[in-house]
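According to our numbering, the sequence shown is numbered sequentially starting from 1330. All C-beta atoms in this analysis are idealised placements derived from N, C-alpha and C, irrespective of residue type, glycine included. This report concerns only the one structure given below.
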Amino acid sequence: MILDLFRLDGRTAIVTGANTGLGQGISVALAQAGATVIGAARRSCQETAQRIQAFDGRFFEVLVDLSRPGAVDTVITRTKELAGRADILVNNAGIILREDAMDVSEENWDKVINLNQRLVFFLSQAVAKEFFFPAGGGKIINIASMLSFQGGIRVPAYAASKSAVVGMTKALADEWAAHGIQVNAIAPGYMATNNTSQLRSDEERSASILSRIPAGRWGTPEDIMGTAVYLASKASDYVNGFTIAVDGGWLAR
Ligand code: NAD
């Protein structure tokens, strides 16, 4: 039956940045669909764990700073120890630094590119090599952005990294489709999380953003839960290399 295609029973999902915001919402959604979730985060995922344990779901935490050398190995080793497998990878962790292009230092540029772009590639490579290729398949969901399509304001490194995410999504989908691997992305619109707290506290910017969202409201982590489950499940087995905007209509305006 069609809804069974969306079930994730017996699957294991690695979600980066699972402690808060969109990563927490995605973790809860995948666990509700039946997956065991391994949350890789630099801060405690206690709240996420509690939300999942409340419905008897399965969640494990891997505490790791993903911008440090060796982080990819830590995620792979701990996943093997905790679950022995991974069928789904959600590359969600990301940072945004707001500054004029003229003021961006090499250090700040590297910080953003390192986590939002480089890690997405090398974690995908490692998870595919270790788990997906031997098993004959897997799902990768990258978290893109409106700034995968637009330039944004005062966030040049972020816009560069999120544009790269869409490119990598296509490149990996193309190369790995024959191995049963689907690589897709979700481009969230303007969501009420820590990532946008600075924007939302600026009354003028906040009002101008809100007035441009056709849905008339900021998005929430709940808004991307359904798309995450869809892209993690068999229901999307013939969807590959695509970026789905979950943006209340922002890109349509
Ligand atoms: P958030 O700031 O609440 O979450 C970011 C997550 O990344 C947190 O879990 C954080 O701990 C983790 N993280 C950051 N640096 C890390 C590191 N070095 N090691 C491990 N984890 C690290 O914001 P969010 O909105 O939930 O962001 C999640 C993703 O969604 C990000 O990739 C972000 O760019 C993207 N996004 C957000 C929006 C939005 O409007 N909120 C829009 C488009 C895309």
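Looking only at C-alpha atoms, which of the options sits nearest to residue i?
i: ALA1557; options: HIS1508, ILE1425, ILE1469; result: ILE1469
i: LYS1409; options: GLY1386, VAL1366, ASP1385, ASP1338; result: VAL1366
i: PRO1485; options: ASN1523, ILE1424, GLN1454, ALA1536; result: ILE1424
i: ALA1342; options: LEU1359, GLY1548, ASN1445; result: LEU1359
i: GLU1504; options: ASN1524, LEU1334, PHE1462; result: PHE1462
i: LEU1395; options: ARG1427, GLY1386, LYS1440; result: LYS1440
i: GLY1466; options: PHE1388, SER1530, MET1554, ILE1417; result: ILE1417
i: GLY1413; options: GLU1436, PHE1389, ASP1429, ASP1432; result: PHE1389
i: ALA1544; options: VAL1575, ILE1510, ALA1507; result: VAL1575
Would you call residue i buried or exposed, if buried means 16 or more other Cβ atoms sit within 10 Å of its Cβ?
i: SER1562; result: buried
i: LYS1491; result: buried
i: PRO1398; result: exposed
i: ALA1581; result: exposed
i: TYR1567; result: exposed
i: ASP1552; result: buried
i: SER1537; result: exposed
i: SER1373; result: exposed
i: MET1330; result: exposed
Would you grab the beta carbon distance between residue i and residue j for me? Rounded to a whole angstrom, and I think it's under 8 Å.
i: VAL1357; j: ARG1340; result: Contact doesn't hold; Cβ gap of about 15 Å is too wide.
i: TRP1579; j: GLY1518; result: 4 Å
i: VAL1393; j: VAL1404; result: 6 Å
i: VAL1344; j: ASN1421; result: 6 Å
i: ASN1513; j: THR1572; result: 7 Å
i: ALA1370; j: ALA1347; result: 5 Å
i: ARG1387; j: GLN1527; result: ARG1387 to GLN1527, Cβ: 35 Å. No contact.
i: LEU1337; j: GLY1363; result: 5 Å
i: GLY1570; j: LYS1499; result: 4 Å
i: ALA1489; j: ILE1442; result: 7 Å
Using a beta-carbon distance below 8 Å, is residue i in contact with chain C?
i: VAL1558; result: Looking at the structure shown, chain C is missing, and only one protein chain is on hand.
Please report how far the alpha carbon of residue i lies from the alpha carbon of residue j, in whole angstroms.
i: LEU1332; j: VAL1449; result: 30 Å
i: VAL1401; j: VAL1391; result: 11 Å
i: LEU1476; j: ARG1483; result: 11 Å
i: GLU1533; j: LEU1539; result: 10 Å
i: GLY1577; j: ARG1546; result: 8 Å
i: PHE1460; j: ALA1516; result: 26 Å
i: ARG1541; j: THR1549; result: 17 Å
i: LEU1560; j: GLY1481; result: 26 Å
i: ILE1510; j: ALA1564; result: 14 Å
i: SER1474; j: THR1377; result: 23 Å
i: ARG1407; j: VAL1456; result: 12 Å
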